[in-house]
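Protein chains in written order, with this note's numbering: chain D, 409 to 684; chain U, 7 to 294.
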């Protein structure tokens, strides 16, 4: 049985920017109507360049900003945070992991406190329970109990991203929004984090919205792909459809621009260079 | 005989915890007109090596080398003012963050003519004209108008174009590009890489690309040096590196590429632990 966790219908978001102190206000349409459905346990990848509205979408999905128009349904229930109906139950359903693991952890907070804070705010668990939950979560993301009392600066970038993922999972969310989670990481660490995400998705039946500009990562992790360009969805479909048969010109441009690291394309390039 | 010959280069930093060896006996040699890629993860010493060549390391660094020759100039023996005549003219460098590398307080035109003022005998109006030509050659629309523009009025890709224009303003024989496209979108990355390669081919200068992106290596390099934790683990021409990597670390790195994924999970460096230890590469301190 398929279970739609996230359903977006014609989401729009406008920002009003004032030009100068006495200037006129200008409206920027950051999101011009985005619709998609996402089933439980699946991954939707959102691809696009800077300024295409990826992060605006992430803010709407994680209930940080309200949408200007359109509707958002989580577990088939309409969510409207502009009316102020955001319950802690709803907050628990959606969590986010940010791009920069150096910036998203408080340097003065021990890892234990980082992990327990969401529980303190959103639940009534006792301190002992919270500690136990934090320890089991550390284990789940490949860290150990010895890390519980350490500060963020004592960790490498990959480990910090594990901590950020652990924090996001503390509330047992249904949906995890991952905003460029591996683009600040080295290649070998990136592989580890992608594997971790795949393991966690299998184990906890998580649904991912994976925001990225790296098409090779997207091709590896996504079930569905949505390509955005200047606030509009120019392509949306299953991974194989989008990668094998891109329809929109922008998607094609994106594919040709992505550097390819296979032997055939190197041979082709060298042949072209020698001919020139 | 290469344009740049470096033998047994080591760099040590004095830290509170004692000396830290960031670079341990690496060799580079690059011929005129060649594109060399230095690839490695953070901490592999790829940037430190080139900063040592440029003489841009802080005082806490100790640079030792058996040989550090640029053409017939011994880079190690230069004093500051002698170095200044080479750096920026015959060897120039592009950095990762184009917006951070430009001075926000001065116009693009001013910053572009600075190097010309220092290294050429052109007059003011000639410099202005040359700056205009440079901006045109790197594909900035309306080059004349762009001279009076400040960096914040340009996009990241345009700033990187300006940086390239600055770097090639004195027709360098060697251009070092340190992660030139990491901060840029893929479509812009493509444009910048194409631009760098076109300039490189037209002028016949040597180009060193420092990068962590195997895709960028595959798209640009003739020859590749792979570094890991300050050591050189492999050197090969680009095709043989991708076709038949010799070193265990290179193999691990290539198989960690998502596009080479075959199974459900990506192989990680840890999966190659045994081969790496056999090859004498310690995994100690590698993040898990």
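Where is the CB? At the ideal position from N, CA and C, for every residue including glycine.
- For residue 433 (chain D), the enclosing beta strand (DSSP E) has its first and last residue at 433 to 447.
- Residue 166 (chain U) has its alpha-carbon roughly 5 Å from the corresponding atom of residue 104 (chain U).
- In summary, residue 486 (chain D) is exposed, with fewer than 16 beta-carbon neighbours lying within 10 Å of its beta-carbon over all protein chains present.
- A residue is called buried once 16 or more other Cβ atoms fall within 10 Å of its Cβ, and residue 426 (chain D), having fewer, is exposed.
- Between the region 215 to 227 of chain U and the region 35 to 43 of chain U, the count of Cβ pairs shorter than 8 Å is three or higher; the stretches touch.
- Interface residue (Cβ-Cβ distance to chain U less than 9 Å): residue 629 (chain D) is classified as such.
- Contact of residue 643 (chain D) with chain U is not assigned, every C-beta pair being separated by 9 Å or more.
- Pairing residue 436 (chain D) with residue 412 (chain D), the inter-Cα distance amounts to about 31 Å.
- Within chain U, 224 have C-beta atoms less than 7 Å from the C-beta of residue 673 (chain D), given in sequence order.
- Scanning chain D for C-beta atoms nearer than 8 Å to the C-beta of residue 195 (chain U) yields 665 and 667, reported in chain order.
- With its beta carbon at least 9 Å from every one in chain U, residue 512 (chain D) lies outside the interface.
- Around the C-beta of residue 253 (chain U), 16 or more other C-beta atoms lie within 10 Å, and the residue is accordingly described as buried.
- The region 520 to 533 of chain D and the region 467 to 480 of chain D do not touch, with fewer than 3 CB-CB distances between them shorter than 8 Å.
- Selection U:203, U:17 and U:261 evaluated against residue 236 (chain U) yields U:17 as nearest (Cα-Cα).
- Between residue 630 (chain D) and residue 464 (chain D), the CB-CB gap reaches or exceeds 9 Å.
- For residue 202 (chain U) against residue 175 (chain U), the beta-carbon gap comes to about 15 Å, at or over 8 Å, which does not count as contact.
- By the C-beta density criterion, residue 511 (chain D) is exposed, having fewer than 16 other C-beta atoms within 10 angstroms.
- A straight line joining the alpha-carbon of residue 457 (chain D) with that of residue 192 (chain U) spans about 8 Å.
- Between the alpha carbons of residue 270 (chain U) and residue 245 (chain U) lies a gap of roughly 27 Å.
- Under the criterion of beta carbons closer than 8 Å, residue 173 (chain U) and residue 181 (chain U) qualify as touching, at roughly 6 Å.
- Along the region 430 to 449 of chain D, there is no position whose C-beta sits under 8 Å from a C-beta of chain U.
- In the three-state scheme derived from DSSP, where H, G and I count as helix and E and B as strand, residue 420 (chain D) is classed as strand.
- Burial of residue 598 (chain D) is indicated by the presence of at least 16 other C-beta atoms within 10 angstroms of its C-beta.
- In this structure residue 636 (chain D) is in contact with residue 462 (chain D), their Cβ atoms being roughly 6 Å apart against a cut-off of 8 Å.
- Contacts between residue 457 (chain D) and chain U, judged by CB atoms closer than 9 Å, involve 191, 192, 193 and 194 in chain order.
- When beta bridges are read from the DSSP output, residue 13 (chain U) appears opposite U:73.
- Counting other Cβ atoms within 10 Å of its Cβ, residue 537 (chain D) stays below 16 and is therefore classed as exposed.
- DSSP places residue 215 (chain U) outside any alpha helix (DSSP H); the residue lies instead in the beta strand (DSSP E), whose first and last residues are 212 to 217.
- Membership of residue 120 (chain U) in the alpha helix (DSSP H) is indicated by the continuous run 114 to 125.
- At a cut-off of 9 Å, the C-beta of residue 131 (chain U) has no neighbouring C-beta in chain D.
- Residue contact check for residue 272 (chain U) against chain D: a CB pair falls below 9 Å.
- Interface annotation, residue 26 (chain U): not in contact with chain D, CB-CB separation never under 9 Å.
- In the displayed model, residue 39 (chain U) falls within coil according to three-state DSSP, outside both helix and strand.
- The beta carbon of residue 63 (chain U) sits closer than 8 Å to the beta carbons of 17, 54, 57 and 69 from its chain, once the five residues preceding and following it are set aside; these are given in chain order.
- Between residue 655 (chain D) and residue 640 (chain D), the C-beta spacing is not below 9 Å.
- Taking the C-beta atoms as reference points, residue 28 (chain U) is found no nearer than 9 Å to residue 100 (chain U).
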